[in-house]
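Mapped onto the working numbering, the consecutive letters of the sequence shown carry residue numbers 7 to 363. Every residue gets a Cβ at the ideal spot worked out from N, C-alpha and C, and that includes glycine. What follows is a short report on a single structure.
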Amino acid sequence: MESVGYQYLCIDDCWMAPTRDGQGRLQPDPKRFPSGIGKLADYVHSKGLKLGIYADVGNKTCAGFPGSYGYYELDAETFASWGVDLLKFDGCNSGTLELLAEGYKTMSWALNKTGRSIVYSCEWPLYLRPMQEPNYTEIKQYCNYWRNYADIYDAWSSVKNILDWTAYYQDSIVDVAGPGGWNDPDMLVIGDFGLSWDQQVTQMALWAIMAAPLLMSNDLRRISPSAKALLQNKDVIAINQDPLGKQGYRITKDSNFELWERPLSGGAFAIAVINRQEIGGPQAFAFSTAILGNGLACNPMCSIQQILPADKDLGLHSWVSFLKLVVNPTGTVLFKTVVIEEGLLSSRSNGQTLDVL
7 MESVGYQYLC IDDCWMAPTR DGQGRLQPDP KRFPSGIGKL ADYVHSKGLK
57 LGIYADVGNK TCAGFPGSYG YYELDAETFA SWGVDLLKFD GCNSGTLELL
107 AEGYKTMSWA LNKTGRSIVY SCEWPLYLRP MQEPNYTEIK QYCNYWRNYA
157 DIYDAWSSVK NILDWTAYYQ DSIVDVAGPG GWNDPDMLVI GDFGLSWDQQ
207 VTQMALWAIM AAPLLMSNDL RRISPSAKAL LQNKDVIAIN QDPLGKQGYR
257 ITKDSNFELW ERPLSGGAFA IAVINRQEIG GPQAFAFSTA ILGNGLACNP
307 MCSIQQILPA DKDLGLHSWV SFLKLVVNPT GTVLFKTVVI EEGLLSSRSN
357 GQTLDVL
């Protein structure tokens, strides 16, 4: 997986011993990590990967292990001394909103003070939003990426809920995302047991559109070849990692169909068409290319390449074309538009038919 860009091996909650050591430092569970986290980090680094670890802003983690409240600087120093490369900082048992904010800011400062480059994953807005609208500009000053919504689980209903939440709040979260700070819709559950093939395609496509950090939650020893190929799809990963760094958004909802788009570098766009229908067979969805990219995606003309569920050349289209796609229930068609400049139209259109209504 590292060959296509997956870099981090992350440990979540329950890695700790029930108590700190005599110097107040966090210590690993001796049965689970008998050689310690530092040795584990060395091993992970020897494989060309990076190590992520979990801690909590409050006095206990969500599972009841020691939290970092009152120990932020010491814990940051401990993680750095072990060679940790990423910290997922949860928000359980954090007390007041003031303590929540203070804890996330203090840990950010403490990590920077160590001098080690440690990616900082926050759950600050997730715990803040029920009581107060998050200040995402402030959050981005301290965190590299942040969770907004409840934990994902291995079920289509969970993926749907995350997409619905993201679309509902997109006006407040999309613009702040960009290099250095990203919205995190939580992990990919592709290769597990709760999603059909079409639903796995939908998650991969929409996580690329949303510019999500791609972190897998699965057993790589046992995933199917098709799930592995989906997770390693270089064209999808290229959309996710596009250097323009803009998050995508939903642009229309028509009955059971949704259309999402993401601006890409070079004037290109990634488009995802989701069929939210959960029964029956594949359904057709037709739409005008004029709605893509506020009319710019195919102006004056564009080439369209389907990426998921299978690679397919969809031909040349003008800004007044209509595109008709057939999408499986709970599935998604992901494609990319690339604008063709007027000077290149004649050479590109020779022998090709334009889809114009």
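Backbone secondary structure at residue i - three-state DSSP
i                 : result
leucine 46        : helix
lysine 166        : helix
tyrosine 159      : coil
phenylalanine 199 : coil
tryptophan 266    : strand
glycine 272       : helix
proline 34        : strand
lysine 53         : coil
methionine 210    : helix
lysine 318        : strand
serine 327        : strand
isoleucine 346    : coil
serine 127        : strand
alanine 292       : strand
methionine 222    : strand
asparagine 239    : coil
aspartate 190     : strand
lysine 252        : coil
aspartate 177     : helix
Residue i to residue j span [Cα, whole Å]
i              : j                 : result
histidine 51   : valine 125        : 15 Å
glutamine 283  : phenylalanine 263 : 8 Å
proline 288    : glycine 337       : 9 Å
isoleucine 229 : isoleucine 196    : 8 Å
tyrosine 77    : proline 269       : 42 Å
leucine 1      : lysine 342        : The requested residue 1 is not part of the displayed model; the chain covers only 7 to 363.
asparagine 65  : serine 327        : 58 Å
valine 165     : isoleucine 179    : 18 Å
glycine 186    : glycine 286       : 43 Å
leucine 265    : alanine 292       : 11 Å
glycine 42     : threonine 84      : 12 Å
leucine 15     : methionine 307    : 43 Å
leucine 340    : aspartate 35      : 44 Å
alanine 303    : glutamate 267     : 10 Å
tryptophan 115 : serine 294        : 49 Å
aspartate 317  : leucine 80        : 50 Å
glycine 301    : leucine 212       : 22 Å
Nearest to residue i (by Cα), restricted to the options the options
i                : options                        : result
aspartate 96     : Leu340, Gly70, Ile280          : Gly70
phenylalanine 39 : Lys53, Gly54, Ala23, Ile179    : Ala23
leucine 364      : Lys240, Ala235, Ala233, Gly272 : This structure cannot settle anything about residue 364, because the visible part of the chain is limited to 7 through 363.
leucine 46       : Thr67, Gly89, Pro72            : Gly89
glutamine 253    : Ala214, Ser261, Ala278         : Ala214
tryptophan 162   : Gln247, Glu139, Phe199, Tyr151 : Phe199
isoleucine 257   : Phe275, Val332, Ala244         : Phe275
valine 207       : Lys234, Gly44, Pro315          : Pro315
leucine 32       : Gly58, Ala82, Asp18            : Ala82
aspartate 160    : Gln176, Val344, Ile168         : Ile168
lysine 259       : Ile245, Asn281, Asp157         : Asn281
Classification of residue i by the beta-carbon crowding that lies within 10 angstroms, buried from 16 upward
i            : result
glycine 299  : buried
serine 364   : Outside the shown range of the chain, which is 7 to 363, sits residue 364, and nothing can be said about it.
valine 332   : exposed
serine 232   : exposed
threonine 67 : buried
tyrosine 151 : buried
tyrosine 75  : buried
lysine 119   : exposed
lysine 37    : exposed
Counterpart residues of residue i in DSSP-defined beta bridges
i            : result
aspartate 62 : Asp96
proline 72   : Lys66
cysteine 308 : His323, Val345
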